[in-house]
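Chains as they are written, first to last, in the working numbering: chain X, 1 to 117; chain F, 118 to 542. Beta carbons are placed, not taken as given, at the ideal position from N, Cα and C, and that holds for glycine. Okay, so here's the structure we're looking at.
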């Protein structure tokens, strides 16, 4: 296991390397950028507003989809272990469980959660 | 200095990153420049070493050009392809052929790599739009989280979104020179996330009169073979650009290569390309169900009308085309996929007609069927008719679907002026 001293040395060396890279970069290209050079480019017209803005990412559809498949896996691993011993009853239980999850997937589909683009 | 020189000579062996600013009459030439291994056309000036100013411009565009020029990271240089224009360095040489422009780009880039101090200076003053540094309790130009003007620009206002939530609405103007839109197109939008809540297509570029074979056919008959080859070539250049925007640049290069040396004997190569495009999955993944247009008001829009199932084609009234047994190809659906299929079908049809046309001539008075639709003396261009309705069609779309819709319409924002009155403004 790495000692505290070695970890600190790695951290300091990485920090130093970063500083050297910045210094070499500035030495190779010392030109400073002007205000029009710094603005985001979107076709030749200057931006009117600051780009920082809050919008709705619609996480709920994606979270629902994740939970549906995640829960399926969480239950399926232990189920696979006991499936042979328990027989048909465990198969029926699993089908019921998956049916409930499918309701969530169908809801996500209706909410256009599968349209990733 | 030694290290810089060595890095410079390494950079010289790579293709030069060029950002093209395309004016009137240069779109196809610039698109075909992608075929040259010496240059790499990039989608943003941030990635470019050389700015290529191609075609003709009107003085009103010069402030936009200066903005693009200053967005190239130094060291930077400019090459002009075509006429001189006001506002940029008058010492920049004007050049004509593709070989000359490639040589000039290479020469400018080599000079910059060897000696970055020869980089062109910024054209715009180094000032923020408003004074903001140190203003307000947190030094961001105002008070409160959204009350400041960081970097001289105000924060956005809030408005209801499609879920009924009050969220920020970002007004942004995209274009006229950005890789994802046809050159010259400028859209002012209000965005929430990537949803376009409001759109306005700006009348920025008023291009000068650039006669082509189809505008010449308004006044004198032209050979059917020449016109059909020009039509196929036009659609292939469109295909090349549209494939690049939709993430298939290698197929796009194939289309551009074919457009460059097109003849009636190219039919086999063109059919192979069309088949590969159809098998690429782009129709199912990106085009199907996107940009479906309403049924009304599509008269005279060429492939856009015909992709709506209409037999709308001025060639049907021409004796020469009747002699060749010409019938219109149509598609149903009116979405982006139908418009792509329509143009692919028309490329094949044009090559077939060109191969059988012999010495036949057509048009010469009144109406002509151009690759974008019907044109008439003193009449509005098809792109102009489409542009008037585009804002309504884009509202409510996600940005990606908006780009797909725009490309599927094959707009040329630079030819908005009426055909005969397109004199320089």
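Mind listing the chain F neighbours of residue i? Cutoff is C-beta to C-beta under 8 Å, in chain order.
i	result
residue 28 (chain X)	120, 121, 124
residue 110 (chain X)	Per Cβ cutoff of 8 Å: no residues; residue 110 (chain X) is ~15 Å from chain F at best.
Note down, in chain order, every chain X residue with its Cβ under 7 Å from the Cβ of residue i.
i	result
residue 340 (chain F)	The contacting residues do not exist; residue 340 (chain F) stays about 39 Å from chain X at best.
residue 546 (chain F)	Any answer about residue 546 (chain F) is impossible in this case: the structure gives chain F only from 118 up to 542.
residue 377 (chain F)	Chain X residues near residue 377 (chain F): none, gap ~28 Å exceeds 7 Å.
In the DSSP assignment, find the unbroken alpha helix (DSSP H) run with residue i in it and report its ends.
i	result
residue 235 (chain F)	It is not in any alpha helix (DSSP H) - residue 235 (chain F) carries neither H nor E in the DSSP assignment.
residue 37 (chain X)	35-38
residue 335 (chain F)	Run containing residue 335 (chain F): none; DSSP gives neither H nor E here.
residue 466 (chain F)	453-473
residue 362 (chain F)	341-362
residue 111 (chain X)	Segment: none, residue 111 (chain X) is in no alpha helix (DSSP H) and carries neither H nor E.
residue 43 (chain X)	Counting along the chain, residue 43 (chain X) falls outside any alpha helix (DSSP H), and DSSP gives it neither H nor E.
residue 3 (chain X)	Segment: none, residue 3 (chain X) is in no alpha helix (DSSP H) and carries neither H nor E.
residue 79 (chain X)	59-86
Report yes if the CB atom of residue i is closer than 7 Å to the CB atom of residue j, and no otherwise.
i	j	result
residue 132 (chain F)	residue 156 (chain F)	yes
residue 311 (chain F)	residue 56 (chain X)	no
residue 420 (chain F)	residue 466 (chain F)	no
residue 225 (chain F)	residue 185 (chain F)	no
residue 407 (chain F)	residue 453 (chain F)	yes
residue 425 (chain F)	residue 451 (chain F)	yes
residue 8 (chain X)	residue 121 (chain F)	no
residue 271 (chain F)	residue 144 (chain F)	no
residue 303 (chain F)	residue 293 (chain F)	yes
residue 105 (chain X)	residue 63 (chain X)	no
residue 468 (chain F)	residue 349 (chain F)	yes
residue 255 (chain F)	residue 128 (chain F)	no
residue 111 (chain X)	residue 187 (chain F)	no
residue 393 (chain F)	residue 423 (chain F)	no
residue 222 (chain F)	residue 135 (chain F)	yes
Among the options, which one has its Cα closest to the Cα of residue i?
i	options	result
residue 403 (chain F)	F:366, F:122, F:517	F:517
residue 418 (chain F)	F:498, F:442, F:240	F:498
residue 42 (chain X)	F:290, F:319, F:524, F:388	F:290
residue 78 (chain X)	X:90, X:68, X:67, X:69	X:90
residue 400 (chain F)	F:477, F:364, F:433	F:364
residue 274 (chain F)	F:485, F:280, F:286, F:281	F:286
residue 267 (chain F)	X:48, X:94, X:32	X:48
residue 165 (chain F)	F:457, F:480, F:192	F:192
residue 428 (chain F)	F:135, F:445, F:366, F:259	F:445
residue 216 (chain F)	F:256, F:248, F:152, F:227	F:152
residue 177 (chain F)	F:162, F:140, F:198	F:140
residue 296 (chain F)	F:525, F:520, F:526, F:531	F:520
residue 214 (chain F)	F:227, F:228, F:196	F:196
Could you spell out the range, first to last residue, of the beta strand (DSSP E) harbouring residue i?
i	result
residue 274 (chain F)	274-277
residue 510 (chain F)	Not the beta strand (DSSP E): residue 510 (chain F) falls in the alpha helix (DSSP H), residues 499-511.
residue 291 (chain F)	283-291
residue 309 (chain F)	304-309
residue 318 (chain F)	312-318
residue 214 (chain F)	From DSSP, residue 214 (chain F) is part of no beta strand (DSSP E); its letter is neither H nor E.
Using a Cβ cut-off of 8 Å, pull out every chain X residue sitting near residue i, in sequence order please.
i	result
residue 270 (chain F)	47, 48, 49, 50
residue 244 (chain F)	35
residue 161 (chain F)	41
Given that residue i touches chain F, what residues does it touch there, using C-beta distances under 7 Å?
i	result
residue 118 (chain X)	Any question about residue 118 (chain X) goes unanswered here, given that chain X covers just 1 to 117.
Please list the partners that residue i has in chain X, where partner means a Cβ-to-Cβ separation under 9 Å.
i	result
residue 293 (chain F)	43, 44, 45
> Of all the alpha helix (DSSP H) runs that stay within the bounds of the segment 133-166 of chain F, which reach a length of 4 or more residues?
Replying inline: Qualifying alpha helix (DSSP H) stretches, in chain order: 144-149.
>> At 4 residues or longer, what runs of the alpha helix (DSSP H) sit wholly inside the segment 384-417 of chain F?
In response: 384-396
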